[in-house]
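Heads up: the sequence shown begins at 137 in our numbering, then just goes up one per residue. Glycine residues also receive a C-beta, built at the ideal position from the N, C-alpha and C atoms. It should be emphasised that the depicted structure is a prediction, and the values quoted were computed from it without experimental measurement.
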Amino acid sequence: MSTMRLARLVEVVANVRATTKKTEKVALLAECLRQTQGKETELASLYLSGALRQGRIGVGWRMIQEAMVEGAASGESLTLTEVDQVFDGIATDQGAGSTERKIGALRRLFERAGPEERRFLAQLVMGEIRQGALEGLLLDVIAKAAVLPSGDVRQAFMFSGNIGEVARAALEEGAAGLSRFSLRLFTPVAPMLANSAEDVEEALDRLEEAAFEYKLDGARIQVHKGGDVVRIFTRQLQDVTERLPEVVEWAHALPVRDAVLEGEAIALRPDGRPLPFQITMRRLGRIKDVDAVRREIPLSSFFFDCLYLEREGSLIARPYHQRMEILTKITPSSLVPRLVTNSRSEAEAFLRQALDAGHEGLMAKSLSAPYVAGQRGFHWLKLKAATTLDLVVLAAEWGHGRRSGRLSNLHLGARDPQSGQYVMLGKTFKGLTDEMLKWQTEKLLSLEVSRDEWTVYVRPELVVEIAFSEIQESPRYPAGLALRFARVKRFRPDKSAAEADTVQTVTALFHKKRGTGEALAR
């Protein structure tokens, strides 16, 4: 079997983007996977789903721009394993001069890649692969390539969370390989995910009666305890046990020998109010001088699910109300604040309480639902209070798949009155209907000033109302700030660019959010 080249993968991606038929997408991708072997199978599956084996590698769009080259590829075409080795080096490069070294490594990688491969690599690094080969589709692809039941592949992914790992096991070992994936102590489970609901009314329409819980803006953790051994995993299934000694101590004190619990670790102010999300993540990211940073940024932990318990074994098939009853008996003092109700007024009051306390909003959870690991559904719903800003469109990227031929991903900027320029705060393609895509494509092409192979740059005239959940610090963008979970609410042709929100307004909102909130209810 020949070595899988990046060019071949990119060719398949282009063919997948060119068809809207799911059966054709599955057939194309399955044939591609069959041409891989060993680690290549893992890498191909990850890259097709838009993920790197290393996760985030500390590269922003500015670094990619500095590293980008033009012209034909030089040297022999890249293999997937060679690309992975470069990403390994970039991910582990730290210290003085690391930014320049990372840019240099990217530039050498781009020099060996053709124009389409460079575009693919840039989108891959930035987490912007959207060719329609997302996890759900790829699970069907793996099943077809390995000639296995789709349900078996999906179940294996529930307990692995790593689509590359599942693909390799399926293609190399078949059903025997998939049988290794089950809920076991010290093997992290892919987290159950939630969809969004517009408001309490929609959540109750879907669920009738629900468990409403504070949505804490912390780091989701999965705590495994087996006897005297404790392991803690993130939502990306990374082992962070050594970084969270206070959670380890808490787990050792649990009145049970074996358990798997799920919750949030969050940094709180001395009065119990939440610190910004990035403070929690800064603490979670520290691997050195943990004791010192613990004193500076102590973490509190709150729990909302129990997936495994001694003598009971796996609880994931149990309804949520039973799992919560078990959790309440185990750790009554460390539960996420919670209200079970079918009353709209009670739930809305609870939502206001959560928001007034400085948290993101609420989760609404079906009382009868099992734990569906690794999948997003309507058993769990997110309720947030989104803020909006009127921003200016600076550029737009061509869409893929169903959005081919339409300008989709918008580059958003806030006005800087002092310089007269617009400062980029991020991108979004979310919230756009087919009608909006058609209209914005025509409008933005009429404003075009230049373009490259995937982006059209426009005169900063079109104002769009953007809803978002948070403003966070980001070295990726010029103002050092970025919008989190941004989505298009509506176009504002009634507003001129001079009426758009300023970068000073955005900065003020960022600092205001840091200073609000009340103590976390226990």
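Quick check on P614: does DSSP put it in helix, strand or coil? coil
Can you tell me whether T156 is buried or exposed, with buried defined as 16 or more other CB within 10 angstroms of its CB? exposed
In chain order, which beta strand (DSSP E) runs of at least 3 residues are fully inside the stretch 360-427? 365-370 and 394-403
So the candidates are A333, H647, T177 and I193; which of them puts its Cα closest to the Cα of I278? With distances taken between Cα atoms, I278 lies closest to T177.
What are the boundary residues of the beta strand (DSSP E) that F348 is part of? A346 to K351
For A644, does the count of other Cβ atoms within 10 angstroms reach 16, so buried, or fall short, so exposed? That one is exposed.
With DSSP as the reference, identify every bridge partner of T323, one or two as the case may be. R320
Quick check on A633: does DSSP put it in helix, strand or coil? helix
Output the distance between the C-alpha atoms of M262 and W197, rounded to the nearest integer angstrom. Between M262 and W197, the alpha-carbon positions lie close to 7 Å from each other.
With C-beta atoms as the reference, is A440 less than 8 Å away from E496? The question names Ala, but residue 440 in the sequence shown is Phe. Contact flag unset, no.
Between the alpha carbons of A618 and L548, how many angstroms are there, rounded? 10 Å
Confirm, please, whether the CB-CB distance from I239 to I193 is below 8 Å. no
In the DSSP assignment, the beta strand (DSSP E) including G513 goes from what residue to what residue? R512 to K520
If you follow the beta strand (DSSP E) that W534 is part of, which residue opens it and which one closes it? T523 to W534
Local Cβ density within 10 Å of K99, reported as buried at 16 or more and exposed below that: For the chain, the structure presents residues 137 to 658; residue 99 sits outside this window and is missing.
So the candidates are S540, I462 and D353; which of them puts its Cα closest to the Cα of F621? D353
Kindly give me the distance between the Cβ atoms of A633 and R551, rounded to whole angstroms, as I take these residues to be in contact under 8 Å. The pair is a contact, with the Cβ atoms about 7 Å apart (cut-off 8 Å).
Within 8 Å, strictly: CB atoms of A258 and I200: yes
Taking 7 Å as the limit between beta carbons, can you name the residues of its chain near E202, skipping five residues before and five after? I239
Please tell me whether F413 and Q608 are closer than 8 Å, where the distance is taken between their beta carbons. yes
Let's see if you can read the secondary structure: which residues bound the alpha helix (DSSP H) around I226? L216 to T228
First and last residue of the uninterrupted alpha helix (DSSP H) at T177: K175 to L184
Tell me the DSSP bridge mates of N331? L517
Using only CA atoms, which one of V336, G207 and E584 lies nearest to A485? V336
Look up S437 in the DSSP assignment and give the residues it is bridged to. A401
Using the beta-carbon count (16 or more within 10 Å), is G268 buried or exposed? Only weak support is given to the placement of G268: the predicted model assigns it a pLDDT of 43, under 50, and the question is left unresolved by the model.
Exposed or buried, R454, counting other C-beta atoms within 10 Å across all chains shown (16 or more means buried)? Counting the other Cβ atoms within 10 Å of the Cβ of R454 gives 16 or more, which makes it buried.
Status (buried if at least 16 other CB within 10 Å, exposed otherwise) for S234: exposed
For the structure I just gave you, are there three or more beta carbon pairs, one from the stretch 474-489 and one from the stretch 338-346, closer than 8 Å? Yes: the two stretches touch, three or more of their Cβ pairs being nearer than 8 Å.
Between M560 and G287, what straight-line distance do the alpha-carbon atoms span, to the nearest angstrom? 43 Å
Could you spell out where the alpha helix (DSSP H) holding L145 opens and where it closes? Element bounds for L145: L142 to R153.
Is A505 helix, strand or coil by DSSP? coil
Selection from G300, L245 and Y456 that minimises the alpha carbon distance to L169: G300
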